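When we follow full-length UniProt numbering, the leftmost residue of the sequence shown carries the number 1, and every step to the right adds one.
To start, the structure under review is shown below, and the notes come after it.
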Amino acid sequence: MSAIPEKSLSTQAQVDEQAIQPFPNSRKIYVTGSRPDIRVPMREIRLSDTHTSRGLEKNLPLTVYDTSGPYTDPQVKIDIRQGLPELRRAWIEERANTELLPDLSSAYGRQRNADPNLDHLRFAHLRPPRRANPGHNVTQMHYARQGIITPEMEFIALRENQRLEQYREQLLQQHPGQSFGANLPSQITSEFVRSEVARGRAIIPANINHTELEPMIIGRNFLVKINANIGNSAVTSSISEEVDKMTWAIRWGADTVMDLSTGKNIHETREWIIRNSPVPIGTVPIYQALEKVGGKAEELTWEIFRDTLIEQAEQGVDYFTIHAGVRLAYIPLTANRVTGIVSRGGSIMAKWCLAHHRESFLYTHFEEICEIMKAYDVSFSLGDGLRPGSIADANDAAQFAELETLGELTQIAWKHDVQTMIEGPGHVPMHLIKENMEKQLVCCGEAPFYTLGPLTTDIAPGYDHITSGIGAAMIGWYGTAMLCYVTPKEHLGLPNKNDVKEGIITYKIAAHAADLAKGHPSAQIRDNAMSKARFEFRWEDQFNIGLDPDQAREYHDETLPQQAAKVAHFCSMCGPHFCSMKITQEVREYAHQKGLENGHSALEQGMAEKAQEFREKGVEIYHKA
Ligand SMILES: C[C@H]1O[C@@H](n2cnc3c(N)ncnc32)[C@H](O)[C@@H]1O
Ligand SMILES: Cc1ncc(COP(=O)(O)O)c(N)n1
Ligand code: SF4
Ligand SMILES: [Zn+2]
């Protein structure tokens with residue numbers, strides 16, 4: 001939608017065409033649950049047949065997790081000005097414990113919505129906000145603790161299984177994995193989802209005002225998830241660019257998106273994003289609160305912050321990063337750090353605490369914050385305001401003091417049945433990563449961990465998706481439930497749409513590598529399908545099974561663009577005579593013809609004959625015609 005000028009956004013906005021292209025050889029499928037409106041989206045990738053000497057062999061279509069929402073469903077007409085269909089509306093209404101309010105409860109929200117100067121850029125179909133009836137708690141954790149399985153929980157169970165049962169025969173070969181204490185059942189049931197949420201070991205970020213949401217779960221005993229950060233800054237970007245980043249991010253696999261806008265029109269930007277997002281949206285409300293006081297941290301008040309929480313909760317934000325662990329007493333612990341406080345929220349709160357020489361209002365008003373959260377089912381992401389911002393500062397006293405406090409706050413949130421996850425570092429060398437995971441599990445009672453990377457070295461600006469992808473893969477393996485991406489622009493500038501994709505693909509790799517290493521029951525199916533396609537020279541399948549079919553195809557086309565090359569038994573890396581997979585196939589064919597079965601002797605004999613053949617052909621290989 002980037003081509004549309006801000007002055008006519010509300011009437012002219014259009015979806016980014018790139019975001020609605022179907023994936024090659026793929027179709028959107030829906031697995032239906034116990035009622036017709038539980039329709040869980042997945043992507044099915046059609047594969048070609050295997051050619052064997054005995055004829056054609058079918059390859060089962062592959063099912064993959066799909067975060068892209070209705071955008072990749074050709075049956076759904078996308079209209080960014082209308083927003084997405086309200087998938088969860090009936091589920092929320094049925095529970096009959098909420099009311100639609102005549103107007104926004106937030107004074108700031110009302111003022112923005114009434115301002116005629118914003119008409120041209122406002123999302124045009126604003127809905128009245130919904131809130132829990134007085135005295136009611138509408139969190140998924142509250143239901144879970146009463147033994148209720150919600151449609152959201154059933155949806156998630158189907159989603160996590162990815163039709164695993166279809167692959168019992170084929171492709172299920174898998175290494176046992178090392179899970180470091182995670183409990184990964186071979187089949188996820190709705191009851192398992194409920195019990196993990198009740199226990200606080202997983203969260204379902206799902207604000208009752210985000211009815212467009214396709215439910216997902218964040219927890220150590222489920223698939224590892226990834227988050228993409230987007231949002232404008234005072235220096236650059238616009239509403240349309242940010243909506244494009246969101247639709248681009250979910251296309252490539254973002255499980256949640258954080259809108260970290262700090263520039264113009266934060267309220268309106270967020271409305272456009274939420275109304276068009278099938279994934280949970282997170283924010284850091286203190287950023288917008290700071291904007292409201294002209295960037296002067298010392299002028300922040302509990303009242304302004306509270307109004308901001310309500311404003312955002314009524315728009316449908318699914319989780320709030322709240323830096324309530326930055327206590328006055330911890331600030332001196334950062335004095336001798338190389339990079340001080342690198343968290344934006346952390347530095348804002350540190351400034352407020354010092355200016356007033358008082359305990360942070362986030363800490364002192366924490367129970368009131370819980371009351372707001374449970375009236376809309378907003379989840380906590382307890383912010384790591386004192387995370388290390390350099391290798392030198394990793395695992396220091398300030399960082400771990402804050403973690404202890406986050407543990408205390410988790411217990412308070414749980415007392416209110418408010419879903420909670422914990423944010424983690426930052427910059428940490430590889431050998432200090434495991435300690436972070438172990439301490440978090442102990443301090444925070446196994447509440448899900450959500451880490452930024454961590455970056456494993458400081459020396460590669462321009463490549464921090466890689467420095468952090470390494471740390472993300474490690475901490476994901478140890479038990480982190482969601483990995484917050486870092487893009488190549490980290491430390492250098494605001495990421496653009498391309499950087500968003502680069503960050504996502506990097507983090508999809510990290511998260512999947514972690515699932516494999518943990519031994520998640522369905523994790524290896526896609527690897528097995530890919531390896532089989534690769535060994536059988538099914539090039540199209542190799543492109544299409546991958547995380548980024550476009551990139552894979554482009555690279556193959558660079559040297560072998562001809563259609564015939566898409567079935568050739570080699571690529572330009574080794575060429576026809578040195579293709580080891582081709583040679584292996586010849587060895588196997590030979591063994592088969594000789595009636596020698598797979599054993600050692602067959603391979604040995606095959607190799608010997610091959611050796612002879614190569615010696616004879618040697619001249620030809622080295623003196624290329
Ligand atoms: C906490 C992390 O959030 C990221 N971050 C902060 N603001 C934005 C934004 N507008 N867009 C993308 N990423 C952002 C940075 O990568 C930072 O390190
Ligand atoms: C995992 C993680 N940690 C922190 C933040 C917020 O940023 P900040 O703490 O800089 O305000 C974030 N978006 N994600
Ligand atoms: S990314 Fe840039 S603006 Fe943000 S803390 Fe680092 S130097 Fe400052
Ligand atoms: Zn950094």
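Built from N, CA and C at the ideal position, the CB exists for glycine as well.
Note that this is a predicted model, so its numbers are computed, not measured.
#### Entry: Buried versus exposed, by CB contacts within 10 Å (16 or more), V224
What you label residue 224 is simply residue 224 of the sequence shown in a count that begins at 1. Around the beta carbon of V224, 16 or more other beta carbons lie within 10 angstroms, which makes this residue buried.
### Query
CA-CA distance, G83 and Y30?
Sequence index remark: in the sequence shown, residue 83 carries index 83 (1-based). Sequence index remark: in the sequence shown, residue 30 carries index 30 (1-based). The straight-line gap from Cα to Cα measures roughly 21 Å.
### Cβ-Cβ distance between F320 and V378 below 9 Å
Reading the sequence shown from its first residue, position 320 is the one you call residue 320. Reading the sequence shown from its first residue, position 378 is the one you call residue 378. Yes; because the gap between Cβ atoms is below 9 Å, this pair is in contact.
### Query
DSSP beta-bridge partners for A228?
Against the sequence shown, residue 228 aligns to sequence position 228. Answer is V257, bridged to A228.
### Query
Beta-carbon separation of S240 and I4 under 9 Å?
For the purposes of this step, residue 240 is taken as the residue at position 240 of the sequence shown. For the purposes of this step, residue 4 is taken as the residue at position 4 of the sequence shown. Going by C-beta atoms, S240 is nearer than 9 Å to I4.
### Proximity winner among I369, A96, A398, I509, relative to R337 (alpha-carbon distances)
The residue you call residue 337 lines up with position 337 of the sequence shown. Measuring from the Cα of R337, the nearest candidate turns out to be A398.
### Task
Could you tell me whether the Cβ atoms of V418 and Y363 are closer together than 9 Å?
In the sequence shown, the residue the question calls residue 418 occupies position 418. In the sequence shown, the residue the question calls residue 363 occupies position 363. For V418 and Y363, no; Cβs fall outside 9 Å.
#### Entry: Contact shell at 7 Å, judged by CB to any heavy atom of ligand 4, ordered along the chain
In chain order, the hits are V342, G389, H427, L455, E490, H491.
### Query
Can you find a heavy atom of ligand 1 that lies under 8 Å from the Cβ of T262?
The residue you call residue 262 lines up with position 262 of the sequence shown. Yes.
### Message
Please state the DSSP three-state secondary structure of C571.
### Response
Within the sequence shown, residue 571 is the residue found at index 571, counting from 1. Correct three-state label for C571: coil.
### Task
Please indicate yes or no: does the CB of S347 lie closer than 8 Å to some heavy atom of ligand 1?
Walking along the sequence shown from the start, residue 347 turns up at place 347. No, since every heavy atom of ligand 1 falls outside the 8 Å radius drawn around the Cβ of S347.
### Message
Do E314 and L121 count as a contact pair if the criterion is CB distance below 9 Å?
### Response
Residue mapping note: residue 121 aligns to position 121 of the sequence shown, counting from 1. Residue mapping note: residue 314 aligns to position 314 of the sequence shown, counting from 1. Against a cut-off of 9 Å, the Cβ pair of E314 and L121 comes out as no contact.
### Task
Check the DSSP bridge columns for P41 and list the partner residues they point to.
Within the sequence shown, residue 41 is the residue found at index 41, counting from 1. BP columns for P41 point to Y30.
### Straight-line gap, S347 to G340 (C-alpha atoms, nearest Å)
Walking along the sequence shown from the start, residue 347 turns up at place 347. Walking along the sequence shown from the start, residue 340 turns up at place 340. Going by the C-alpha atoms only, they are around 9 Å apart.
### Task
Please work out which residues of its chain come closer than 8 Å, Cβ to Cβ, to K351, disregarding the five sequence neighbours upstream and downstream, and give them in chain order.
Stepping through the sequence shown from its first residue, residue 351 is reached at position 351. A297, E298.
#### Entry: Run of the beta strand (DSSP E) containing Y319, from where it starts to where it stops
Position 319 of the sequence shown holds residue 319. Note, Y319: beta strand (DSSP E), 319–322.
### Query
For D259, is the classification buried or exposed, using 16 other Cβ atoms within 10 angstroms of its Cβ as the cut-off for buried?
The count along the sequence shown starts at 1 and reaches residue 259 at position 259. Buried, because 16 or more other Cβ atoms sit within 10 Å of the Cβ of D259.
### Query
Would the beta-carbon of R344 be found less than 8 Å away from any heavy atom of ligand 3?
For the purposes of this step, residue 344 is identified with residue 344 of the sequence shown, where counting begins at 1. Under cutoff, so the answer is yes.
### Query
Terminal residues of the continuous alpha helix (DSSP H) containing M349?
The sequence position of residue 349 within the sequence shown is 349, counting from 1. Residue range 344–356 is occupied by the alpha helix (DSSP H) that includes M349.
### Query
Less than 9 Å separating the beta-carbons of D16 and V243?
One-based indexing of the sequence shown puts residue 16 at position 16. One-based indexing of the sequence shown puts residue 243 at position 243. The answer is yes: Cβ separation under 9 Å.
### Task
Identify which residue in I509, I80, P129 has its Cα closest to the Cα of G476.
The residue labelled residue 476 in the question sits at position 476 within the sequence shown. Residue I509 is the option with its Cα nearest to G476.
### Query
What residue range is occupied by the uninterrupted alpha helix (DSSP H) comprising L309?
Here residue 309 refers to the residue found at position 309 when the sequence shown is read from its first residue. 302–315 is the span of the alpha helix (DSSP H), which, as asked, contains L309.
### Sequence-distant residues of the same chain with beta carbon closer than 7 Å to D49, five excluded per side
For the purposes of this step, residue 49 is taken as residue 49 along the sequence shown, with counting starting at 1. The beta carbon of D49 sits closer than 7 Å to those of L56, E57, K58, N59, all from its chain and outside the five residues before and after it, given in chain order.
### Message
Taking the alpha carbon of R588 as the reference point, which residue from S10, I45, T52 has its own alpha carbon closest?
### Response
Stepping through the sequence shown from its first residue, residue 588 is reached at position 588. When each option's Cα is compared against that of R588, the closest is T52.
### Query
Considering only the beta carbon of each residue, do P275 and Q312 sit closer than 9 Å?
Along the sequence shown, read from residue 1 onward, the residue named residue 275 stands at position 275. Along the sequence shown, read from residue 1 onward, the residue named residue 312 stands at position 312. Note that residue 275 is Arg in the sequence shown here, rather than Pro. At least 9 Å separates the beta-carbon of R275 from that of Q312.
### Task
Could you please give the first and the last residue of the uninterrupted beta strand (DSSP E) stretch that includes T420?
As a first step, residue 420 is located in the sequence shown; it is residue number 420 there, counting from the start. First-last of the beta strand (DSSP E) with T420: 420–424.
### Query
At a cut of 8 Å, does the region 368–376 reach the region 433–440 through at least three beta carbon pairs?
The region 368–376 is not in contact with the region 433–440.
### Message
Just verifying my parser: in three-state terms, what is the DSSP assignment at L483?
### Response
Position 483 of the sequence shown, counting from 1, holds the residue named residue 483. Reduced to three states, the DSSP call for L483 is strand.
#### Entry: Expected contact under 8 Å - CB spacing of E423 and H465 to nearest Å
Counting from 1 along the sequence shown, the entry for residue 423 is found at position 423. Counting from 1 along the sequence shown, the entry for residue 465 is found at position 465. In this structure E423 does not touch H465 by the C-beta definition: roughly 19 Å separates them, more than the 8 Å allowed.
### Query
Okay, do the region 226–239 and the region 199–208 touch, 3+ Cβ pairs below 8 Å being the bar?
Verdict: no, contact absent.
### Query
Are the Cβ atoms of C353 and I331 separated by less than 9 Å?
The residue you call residue 353 lines up with position 353 of the sequence shown. The residue you call residue 331 lines up with position 331 of the sequence shown. The answer is yes: Cβ separation under 9 Å.
#### Entry: K624 - DSSP class collapsed to helix/strand/coil
For this step, residue 624 is matched to residue 624 along the sequence shown. For K624, the predicted model reports a pLDDT of 40, less than 50, meaning its position is unreliable; a value from the coordinates is still stated below. Three-state DSSP puts K624 in coil, outside helix and strand.
### Query
When DSSP labels each residue in this structure, what does R163 get in the three-state scheme?
Within the sequence shown, residue 163 is the residue found at index 163, counting from 1. The three-state secondary structure of R163, taken from DSSP, is coil.
#### Entry: Distance between N528 and P425 (C-alpha atoms, nearest Å)
Reading the sequence shown from its first residue, position 425 is the one you call residue 425. Reading the sequence shown from its first residue, position 528 is the one you call residue 528. Computed Cα separation, rounded: 33 Å.
### Query
Does ligand 2 have even one heavy atom less than 8 Å from the beta-carbon of L452?
Looking up residue 452 in the sequence shown gives position 452. Inclusion of L452 in the 8 Å shell around ligand 2 follows from its C-beta lying nearer than that to a non-hydrogen atom of the ligand.
#### Entry: Residue closest to G453, alpha-carbon to alpha-carbon, out of D515, L406, W414, G389
Residue mapping note: residue 453 aligns to position 453 of the sequence shown, counting from 1. Of the listed residues, the one whose Cα sits closest to G453 is G389.
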